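Engineer: Just so you know, the protein sequences line up as chains A and B, in that order.
Per my numbering, the first sequence starts with residue -13, numbered consecutively.
Per my numbering, the second sequence starts with residue -13, numbered consecutively.
Cβ coordinates follow ideal geometry from the N, Cα and C atoms, glycine included.
Given the structure is predicted, the values throughout are model-derived calculations rather than measurements.
Number of protein chains: 2
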Amino acid sequence: MQQIESSKEIQRFALESRKAGKSIALVPTMGYLHDGHLELMRQARGKADLVIVSIFINPIQFGPNEDLDRYPQDLAGDLAKCQAVGVDVVFTPTREALYPESFQTSVEVNKITKCLCGAGRPTHFQGVTTVVSKLFNLTLPDTAFFGEKDFQQLAVIRRMVTDLNFPIEIIGVPIVRENDGLAMSSRNAYLPSLERKEAAGIFAALTQAKNLYKQGLKESETLCQAVQEQLDISIKNSFKIEYIKLYDADKLTEINGPITAPAVLLIAVHLAGTRLIDNLKL
Amino acid sequence: MQQIESSKEIQRFALESRKAGKSIALVPTMGYLHDGHLELMRQARGKADLVIVSIFINPIQFGPNEDLDRYPQDLAGDLAKCQAVGVDVVFTPTREALYPESFQTSVEVNKITKCLCGAGRPTHFQGVTTVVSKLFNLTLPDTAFFGEKDFQQLAVIRRMVTDLNFPIEIIGVPIVRENDGLAMSSRNAYLPSLERKEAAGIFAALTQAKNLYKQGLKESETLCQAVQEQLDISIKNSFKIEYIKLYDADKLTEINGPITAPAVLLIAVHLAGTRLIDNLKL
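(1) Taking Cβ positions, are Val340 (chain B) and Leu266 (chain B) nearer each other than 8 Å?
(2) How would you label Arg145 (chain B), buried or exposed, when you count the other beta carbons within 10 angstroms and need 16 or more for buried?
(3) Does the beta carbon of Val95 (chain B) sit closer than 8 Å to a beta carbon anywhere in chain A?
(4) Give the DSSP-derived three-state secondary structure of Ala6 (chain B) in the structure shown.
(5) Over the uninterrupted beta strand (DSSP E) stretch that includes Val162 (chain A), give me the two end residues.
(6) With a threshold of 16 other CB atoms inside 10 Å of the CB of Arg4 (chain B), please say whether the residue is buried or exposed.
(7) Starting from Asn265 (chain A) and walking both ways along the alpha helix (DSSP H), at which residues does that stretch end?
(8) Looking only at its own chain, which residues have a Cβ that is under 7 Å from the Cβ of Lys231 (chain B), when we skip the five neighbours before and after it?
(9) To which residues of the same chain is Pro248 (chain A) closer than 6 Å at the C-beta, ignoring the five residues directly before and after it?
(10) What separation, rounded to the nearest whole angstrom, lies between the Cα atoms of Thr64 (chain A) and Thr115 (chain B)?
(11) Would you mind sorting Asp166 (chain B) into buried or exposed? The rule is 16 or more other CB atoms within 10 Å of its CB.
(12) Listing by chain order, which chain A residues have their CB less than 9 Å from the CB of Lys120 (chain B)?
(13) Can you check the region 95 to 171 of chain A for any alpha helix (DSSP H) of at least 4 residues that lies completely inside it and give the ranges in chain order?
(14) Could you pull the start and end residues of the beta strand (DSSP E) that His256 (chain B) belongs to?
(15) Does any residue of chain B have a CB that is nearer than 8 Å to the CB of Leu12 (chain A)?
(16) How is the beta strand (DSSP E) around Ile230 (chain A) delimited, first residue to last?
(17) Taking contact to mean at least 3 C-beta pairs separated by less than 8 Å, is the region 206 to 226 of chain A in contact with the region 184 to 192 of chain A?
(18) According to DSSP, is Ser(-8) (chain B) part of a helix, a strand, or is it coil?
(19) Rounded to the nearest angstrom, what separates Val147 (chain A) and Pro45 (chain A) at their Cα positions?
(20) Count the other C-beta atoms from every protein chain shown that fall within 10 angstroms of the C-beta of Ile154 (chain A), then say buried if there are 16 or more, exposed otherwise.
(21) Since Thr91 (chain A) contacts Glu25 (chain B) with CB under 8 Å, what's their CB separation in whole angstroms?
(22) Report buried or exposed for Lys100 (chain B), applying the criterion of at least 16 other Cβ atoms within 10 angstroms of its Cβ.
(23) Hey, does Lys8 (chain A) have any beta-carbon neighbour from chain B nearer than 8 Å?
(24) Ordered along the chain, which non-local residues of its own chain (more than five positions away) have a Cβ less than 6 Å from that of Phe111 (chain B)?
(25) Quick one, are the C-beta atoms of Leu36 (chain A) and Lys8 (chain A) less than 8 Å apart?
(26) Give the DSSP bridge partners of Ile41 (chain A), in chain order.
(27) Let me see if you follow: with CB-CB separation under 8 Å, is Asn123 (chain B) close to chain A or not?
(28) Helix, strand or coil: how does DSSP classify Val73 (chain B) here?
(29) Over the uninterrupted alpha helix (DSSP H) stretch that includes His23 (chain A), give me the two end residues.
(30) Exposed or buried, which one is Gln138 (chain A) when buried takes at least 16 other CB atoms within 10 Å?
(31) Whose CA, out of A:Leu268, A:Phe225, A:Gly17, A:Arg182, lies closest to the CA of Leu198 (chain A)?
(32) With a CB to CB cut of under 6 Å and the five nearest residues on each side skipped, what residues in its chain are close to Ile43 (chain A)?
What follows is the structure in structure tokens.
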């Protein structure tokens, strides 16, 4: 396994690999890798001749009062995990290399970025689509893998790839969960032990709502209300719900009233100062 | 020579050509080709195994009161010219194919797009960088050729390519002029014969200012003033100057006072309802 820091070098590697007829799969990450990331890598490993994992805490997708400065890092551990999964190249650029002082370009998806996470984090998705565009151009993948935990992010990236005609297949990978159901996330490390236990209530509440849906409860508002009530019961510590919404899973538009299209139940919760997101397809 | 309309087909052609080890040069145009375009194609022909010319009147780079609906077209003539220069593929997508109803992504260079043409055409460069990103991803060129008449556009595209790490070399090609000095432009066709003759005064005024500069006149404001005065003498019909500016040719920042850096004198003039631009490096 190679570690490459230089943008020029990774692009040269990608160009030469493609010229040699090798297929490339990219797994973009911000590091502090967990089993969710490793599942992306395993799927990538099964799909392409070469697997490139990028590890880069992308400053422009963080808002001014977010956790950029304390985002968890463990490069040595990450490299060991990548090696164990059979990754070929880990790309670890510096901030200065990706965003020199002269940098002034942005890539923006304009509509489906305004709701859900985009409502509370207005510059977030522009930061994501800009860095992902850069990573695509630097690593020239045939396929790129993203987790479904960031459901909106996945939809935004699919939209960008279609709109800008990137010759890349985007593959969404189902959420990997802890034993108690909590969706794996690097940010789970922020949670004190009591809140960590209670955080399992998020997936439990989504699951309960899905059961209600299966039993015939089809009103969007009632299902979202049921999630909220369940959380009020299961989480004793103070928490803040950013949103609980039912969305059309394909169009990423809100469903009001009865559910007809394939739907996804999405949630963002702040618990002990940590923002957690999760979702469940109904 | 092939003509390809389908985005999928041109991308497949590009992917297969690159896999076969062929280099690709792209010349993006809006059609109604003149000798300036043909010079881009000739240079592209000398540089790559395959030359792709795109012909697409890009609606999103036109403002609401601009000439989108009357922009000149001559596809049959254009194809004949491309063939004569030895172009391999002419890509002629439809508007619906490049901008379906669901389209919602934009690529924007944020600083150097606000001045000069960007001041009078606030959405123009975003339209250019968005369509050029699409064309880059559809045709996967090693090199792309742009005319220096659109000096700011060339700087904006270079900036975008650097910032987003496109693996593409951008080649600027010097302005091709009519016998009387007028910079070739598809929009010259709009000019009535009298105004067409007077339009030669634009280049004459730039040239005179360059001579003054060579003779020792180094103040930006004085040189711009000299251009304006010369135009007032040489053009009898009513015309409107949008800007006459001296800019740092590399950084694309305005030069006030004495000229030190490599400079370019830029002008935009409205003559008989037609917007003409030109520039000259000092």
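Structural biologist: This is what the structure holds:
(1) The shown model of chain B, from -13 to 268, leaves out residue 340 (chain B), and the question about it has no answer.
(2) Counting other Cβ atoms within 10 Å of its Cβ, Arg145 (chain B) reaches 16 or more and is therefore classed as buried.
(3) Yes, because at least one Cβ of chain A sits closer than 8 Å to the Cβ of Val95 (chain B).
(4) Here Ala6 (chain B) sits in coil by DSSP.
(5) Unbroken run through Val162 (chain A): none, as it is neither H nor E.
(6) A residue is called buried once 16 or more other Cβ atoms fall within 10 Å of its Cβ, and Arg4 (chain B) is buried on that count.
(7) No alpha helix (DSSP H) contains Asn265 (chain A), which is instead part of the beta strand (DSSP E) from 260 to 267.
(8) The beta carbon of Lys231 (chain B) sits closer than 7 Å to those of Leu102, Cys210, Glu240, Leu252, all from its chain and outside the five residues before and after it, given in chain order.
(9) Ala235
(10) According to the sequence as given, residue 64 (chain A) is Asp; it is not Thr. Those two C-alpha atoms are separated by around 36 Å.
(11) exposed
(12) Asp149, Leu150, Asn151
(13) 103 to 106, 110 to 125, 137 to 150
(14) 249 to 257
(15) no
(16) 225 to 234
(17) Touching, yes, given that three or more Cβ pairs across the two stretches are closer than 8 Å.
(18) coil
(19) 22 Å
(20) buried
(21) At roughly 28 Å, the Cβ-Cβ gap does not stay under 8 Å, so Thr91 (chain A) and Glu25 (chain B) are not in contact.
(22) exposed
(23) no
(24) Beyond the five residues adjoining it in sequence on each side, Phe111 (chain B) comes within less than 6 Å, by CB distance, of Thr99, Gly104, Val142 in the same chain, given in chain order.
(25) yes
(26) Partner(s): A:Thr15.
(27) For Asn123 (chain B), a Cβ of chain A is located within less than 8 Å of the residue's own Cβ.
(28) In the displayed model, Val73 (chain B) falls within coil according to three-state DSSP, outside both helix and strand.
(29) 21 to 31
(30) buried
(31) A:Leu268
(32) Met16, Tyr57
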